[in-house]
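Below: one structure, written as structure tokens.
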Amino acid sequence: MSEEKSQQPQLQSTTAIDTPASSSFGNWFEYSIRVYPHHTDYAGIVWHGSYIAWLEEARVACLRAIGIEYADLVALGCDLPVVELSIRYHRPLALGATAVVRTRMAEVTGVRINWDYAIESPDKQELYVTAQVTLVAVDRERGKIMRQLPSTVMDALVRLSGSKNN
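Letter by letter, the sequence shown follows residues 155 to 320 of the numbering used here.
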């Protein structure tokens, strides 16, 4: 029986979601969170979907910090829906805990914007979640992917990343 346990397949590393990547694309934006009852299940452990909401809150706050208000994107006729999400749960958060969602824009390729995330304890000693999200710019009126990002959005993203559009 003990031989069977040691021969069970191990979870393979999937990508950079296993641990936060180095800061080759710039600084991390930090967004503080606290776990309230509505974030948890009946056992007081954070429900898995709450983490996804925190990722979006951090991303929107980061964009606001560089001068992009989501309401302004809507006024420009641009939406940035999530088209891909990879998330790795390292350890759970419990009711009453505080944590920091760290995010940064990793890359802009055409109209695709990739973001990296890490949810950690405030002292950075505990890693709860790592994730990557890909957004695509969509024309809200036509419901189709845009050919290019609006220039004001691209200019702000270039400032955020410190790099040029790929």
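Every residue gets a Cβ at the ideal spot worked out from N, C-alpha and C, and that includes glycine. Bear in mind the structure is a predicted one, so any value in this text is a computation, not a measurement.
Query	Result
What are the boundary residues of the beta strand (DSSP E) that includes Ile-206?	No beta strand (DSSP E) contains Ile-206, which is instead part of the alpha helix (DSSP H) from 202-219.
With a threshold of 8 Å, are at least 3 pairs of Cβ atoms found where one atom belongs to the stretch 224-237 and the other to the stretch 284-291?	yes
What first and last residue would you give for the alpha helix (DSSP H) that runs through Tyr-282?	Segment 281-290 is the beta strand (DSSP E) holding Tyr-282; no alpha helix (DSSP H) there.
Answer with buried or exposed for Asp-195, where buried requires no fewer than 16 other C-beta atoms within 10 angstroms of its C-beta.	exposed
Cα separation between Leu-227 and Thr-257?	20 Å
Thinking C-alpha only, which one of Ala-197, Asp-309, Leu-311, Met-308 is nearest Leu-249?	Ala-197
Quick one: residues in its chain with C-beta nearer than 8 Å to the C-beta of Gly-221, no 5 flanking neighbours on either side, listed in chain order?	Ala-310
Considering only residues of the stretch 222-256, which uninterrupted beta strand (DSSP E) runs meet the minimum length of 3 residues and lie entirely inside it, listed in chain order?	236-243
Using CA atoms only, rank isn't needed, just tell me which of Trp-201, Trp-269, Val-283 is closest to His-193.	Trp-201
Per DSSP, what are the beta-bridge partners of Val-262 in this structure?	Ile-267
What are the boundary residues of the beta strand (DSSP E) that Arg-188 is part of?	183-188
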